[in-house]
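Student: Structure incoming, see below.
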Amino acid sequence: MNARIAAVNALTGFFSKKSYSDSEIKNILFSAGLDRRDAALATRLYYGVLQNMAYIDFFLQQFSSVRLKKMHPRVLNILRVGAFQILFSDRIPDFAAVSESVDAAKATGNARATGLINAVLRKLTAQKDSLELPQELARDEYLSLRYSHPLELTRKLMSIYGEDTEALLAADNAAPPTVVRVNSLKATSEQAIASLREDGCEVEEYSIPKGALAITESGRVDALKAFSDGLIAVQDRASQLAVAALDPQAGDVIVDVCSAPGGKSLAAAAATENKTEIYSFDIYPEKLEVVRKNAERLGARIHTQCRDALEPDESLFGKADRLIADLPCSGLGIIRKKPDIRYKELGSDLPALQLEILKRSWNYLKPGGIAVYSTCTILPEENGEVADRFIAEVGAEPIAFFTDLPEIYQAPKGQLTLLPHIHGTDGFFIAKLRKPK
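What follows is the structure in structure tokens.
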């Protein structure tokens, strides 16, 4: 199996099983036995198609005599992978994209479709520089098709972000960097970078936050020695910034009410050199096992417990100095990593759930204790509106944070929305609150 066939198989499995996009490609890569670079290519092709599928399908249909809906799913996905390379990749020559697609059809038992695949992709190649979407499209329809976001979601984002919407949609479709946190319990930044480079990775060190690295050409991160040795943890800068906002101190008691996969708990442990008591809760036993394994690999000392956030541990009421409440949300801030999220239905009872979890979790804090409420969405109804309602109902005090950082990171009113096209992070919301004394 090569990278292109792996991408085709992952796409076919994703659409047939209606599984999660990240789990499908991980499963394929695990079984394919590709080297690191081919695994990285397969991942890029897979996500590239999912991110640009409406746009790709629109032009494939222009050059195909067969309706896309009538094609065998694997043939259609071979065409999509080939078209993505032709339309969006500068690294792969067009002739190679065509020939490799034909070879993929033969290798996957679809030799009868080679003529169709060859003809469609050759036509696409010949006219790729003159392709245009219909001029009669309204602005919302154009953005929806150009960036392959459902029309309802596009309109929703336009109502919130206005002229910034196109940049936001484009960022959703960009290949995100693999961001990791240097685990200071086991390594310095210099040591982690050296290990990554020995494995052939290109590494960029961020200044905000300290200890964040972007790595490229990594393929499967868990195959890297720096990962297995516990020198790094996969964690986006936005999530790392949430822990920076929390500002945990040695001697603190910290409760993380929805902890899996454990990123914030583990980062808090590292930030305090394991000189804290951290209670990491999650409702799902299998996810909590991931937290435990990550803690063991990283050398972090935390206490895990399977617990529904709506049923708090009363024995810890009034004992926590810090509260981490990274709560269930629509996930619209991580579309660039999980493209299938864009297809979720809008509208839910999530804000009510978030507010209720916040109210019940608030009991963990001592008077004067500090909470960070965060989500990986960019919708105000799940973010600032929830925080504002919580403040009004329980009398929580907003705390300014990051006031010493560049202006785009500053949160003078205690709330910050991070956006991929502005901050280069996942879309993320952070609110910092103090319990009155």
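First residue of the sequence shown: -4, per our numbering; consecutive thereafter. Where a beta carbon is used, it is the ideal one built from N, C-alpha and C, also for glycine. Only a predicted model underlies this, so the values are computations on that prediction, with no experimental measurement involved.
Would D277 pass as a contact of A263 if the rule is Cβ separation under 7 Å?
Tutor: Sequence index remark: in the sequence shown, residue 277 carries index 282 (1-based). Sequence index remark: in the sequence shown, residue 263 carries index 268 (1-based). No, they are not a contact pair.
Student: Nearest-angstrom Cα distance between D399 and Q405?
Tutor: The count along the sequence shown starts at 1 and reaches residue 399 at position 404. The count along the sequence shown starts at 1 and reaches residue 405 at position 410. D399 and Q405: Cα-Cα distance of roughly 7 Å.
Student: Would you check if there are 3 or more beta carbon pairs closer than 8 Å linking the region 322 to 342 to the region 412 to 424?
Tutor: Output reads yes: the region 412 to 424 touches the region 322 to 342.
Student: Determine, using beta-carbon pairs with one atom in the region 242 to 250 and one in the region 212 to 230, whether at least three such pairs fall under 8 Å.
Tutor: Cβ pair count under 8 Å is below three, so no.
Student: Do you know how far the Cα of R141 is from the Cα of A448?
Tutor: Examination of residue 448 is not possible in this model, given that the chain is present from -4 through 432 alone.
Student: For D85 and A35, I'd like the C-alpha separation in whole angstroms.
Tutor: One-based indexing of the sequence shown puts residue 85 at position 90. One-based indexing of the sequence shown puts residue 35 at position 40. If you take the alpha carbons of D85 and A35, they lie about 16 Å apart.
Student: First and last residue of the alpha helix (DSSP H) that includes P346?
Tutor: Here residue 346 refers to the residue found at position 351 when the sequence shown is read from its first residue. Segment L345 to S356, the alpha helix (DSSP H) holding P346.
Student: Taking 6 Å as the limit between beta carbons, can you name the residues of its chain near F397, skipping five residues before and five after?
Tutor: Within the sequence shown, numbered from 1, the residue matching residue 397 stands at position 402. Once the five neighbours on either side are set aside, the close Cβ partners of F397 are Y404, Q405 and A406.
Student: Can you tell me which of D124, L82, T120 and R75 puts its alpha carbon nearest to the alpha carbon of A100?
Tutor: Position 105 of the sequence shown, counted from the start, is the residue given in the question as residue 100. Taking only the C-alpha atoms, the option nearest A100 is R75.
Student: Could you tell me the alpha carbon to alpha carbon distance between K181 and G206, rounded to whole angstroms?
Tutor: Within the sequence shown, the letter at position 186 stands for residue 181. Within the sequence shown, the letter at position 211 stands for residue 206. Approximately 13 Å between the Cα atoms of the pair.
Student: Of the residues N378, D135, G422 and L116, which one's Cα is nearest the Cα of S60?
Tutor: Your numbering for residue 60 matches position 65 in the sequence shown. Of the candidates N378, D135, G422 and L116, the one whose C-alpha sits nearest the C-alpha of S60 is L116.
Student: Helix, strand or coil for E158 per DSSP?
Tutor: Sequence index remark: in the sequence shown, residue 158 carries index 163 (1-based). DSSP places E158 in helix when its eight states are reduced to three.
Student: Use the C-beta contact count for S310: other C-beta atoms within 10 angstroms, 16 or more gives buried, fewer gives exposed.
Tutor: Along the sequence shown, read from residue 1 onward, the residue named residue 310 stands at position 315. By the neighbour-count rule (16 or more Cβ atoms within 10 Å), S310 is not buried but exposed.
Student: Extract the residue ranges of the alpha helix (DSSP H) inside the region 8 to 37, only unbroken runs of 4 or more that lie entirely within it.
Tutor: The qualifying runs are 16 to 27.
Student: Please classify Q410: does DSSP put it in a helix, a strand, or coil?
Tutor: Along the sequence shown, read from residue 1 onward, the residue named residue 410 stands at position 415. Strand.
Student: In chain order, what residues of the same chain lie with their CB nearer than 7 Å to the CB of Y338, ignoring the 5 residues before and after it?
Tutor: The sequence position of residue 338 within the sequence shown is 343, counting from 1. Result list for Y338: P145, in chain order.
Student: Name the one or two DSSP bridge partners that I227 has.
Tutor: In the sequence shown, the residue the question calls residue 227 occupies position 232. Answer is V177.
Student: Residue ranges of each beta strand (DSSP E) run of no fewer than 3 residues wholly in the region 354 to 381, ordered along the chain?
Tutor: Counting only runs of 3 or more, we get 360 to 370.
Student: What residues in its chain sit with their C-beta under 7 Å from that of L305, if we drop five residues either side in the sequence?
Tutor: The residue labelled residue 305 in the question sits at position 310 within the sequence shown. Answer for L305: E351, I352 and R355, listed in chain order.
Student: Quick one: what does DSSP say P415 is sitting in, helix, strand or coil?
Tutor: Working through the sequence shown from its first residue, we reach residue 415 at position 420. Of the three classes helix, strand and coil, the one that applies to P415 here is helix, per DSSP.
Student: Per DSSP, which one or two residues make a beta bridge with E402?
Tutor: Along the sequence shown, one-based indexing puts residue 402 at 407. In DSSP, E402 forms no bridge with anything.
Student: Taking 8 Å as the cut-off, does the region 286 to 302 touch the region 356 to 364 (at least 3 CB pairs, one atom from each stretch)?
Tutor: The region 356 to 364, when compared against the region 286 to 302, does not touch it at the 8 Å Cβ threshold.
Student: What span of residues does the alpha helix (DSSP H) with Q300 cover, start to end?
Tutor: Along the sequence shown, read from residue 1 onward, the residue named residue 300 stands at position 305. Per DSSP, Q300 belongs to no alpha helix (DSSP H); it is in the beta strand (DSSP E), H298 to C301.
Student: In this structure, does DSSP put S190 in helix, strand or coil?
Tutor: The count along the sequence shown starts at 1 and reaches residue 190 at position 195. Residue state, collapsed to three classes: helix.
Student: Please identify the residue among A91, T103 and L82 whose C-alpha is closest to the C-alpha of S125.
Tutor: Residue mapping note: residue 125 aligns to position 130 of the sequence shown, counting from 1. Answer by Cα proximity: L82.
Student: For V250, does the three-state DSSP call read helix, strand or coil?
Tutor: Residue 250 sits at position 255 when you count from the first residue of the sequence shown. DSSP places V250 in strand when its eight states are reduced to three.
Student: Quick one: what's got a C-beta closer than 7 Å to G294's C-beta in the same chain, skipping five residues either side?
Tutor: The residue given as residue 294 occupies position 299 in the sequence shown. Correct list, in chain order: L180, K181 and G225.
Student: Could you pull the DSSP bridge partners for I425 from this structure?
Tutor: Here the question's residue 425 lines up with position 430 in the sequence shown. DSSP lists S369 and L411 as partners of I425.
Student: I'd like to check one pair, V44 with L71: are the Cβ atoms closer than 7 Å?
Tutor: Against the sequence shown, residue 71 aligns to sequence position 76. Against the sequence shown, residue 44 aligns to sequence position 49. Cβ atoms of L71 and V44: not closer than 7 Å.
Student: Could you give the distance in angstroms between the alpha-carbon of Q57 and the alpha-carbon of R107?
Tutor: Against the sequence shown, residue 57 aligns to sequence position 62. Against the sequence shown, residue 107 aligns to sequence position 112. Approximately 21 Å between the Cα atoms of the pair.
Student: Out of curiosity, what's the CA-to-CA distance linking S154 and A395?
Tutor: The residue given as residue 154 occupies position 159 in the sequence shown. The residue given as residue 395 occupies position 400 in the sequence shown. Cα to Cα, S154 sits roughly 27 Å from A395.
Student: What are the residues that DSSP puts in a beta bridge with I273?
Tutor: Taking the first residue of the sequence shown as 1, we reach residue 273 at position 278. I249.
Student: Which residue marks the beginning of the beta strand (DSSP E) containing A209, and which one marks its end?
Tutor: The residue you call residue 209 lines up with position 214 of the sequence shown. A209 -> beta strand (DSSP E) spans A207 to T211.
Student: Within the same chain, show all residues whose beta-carbon is closer than 6 Å to that of S234, passing over the 5 residues directly before and after it, in chain order.
Tutor: Numbered from its first residue, the sequence shown carries residue 234 at position 239. Correct list, in chain order: G258.
Student: Between which two residues does the beta strand (DSSP E) harbouring D321 extend?
Tutor: Sequence index remark: in the sequence shown, residue 321 carries index 326 (1-based). Unbroken beta strand (DSSP E) run through D321: A315 to D321.
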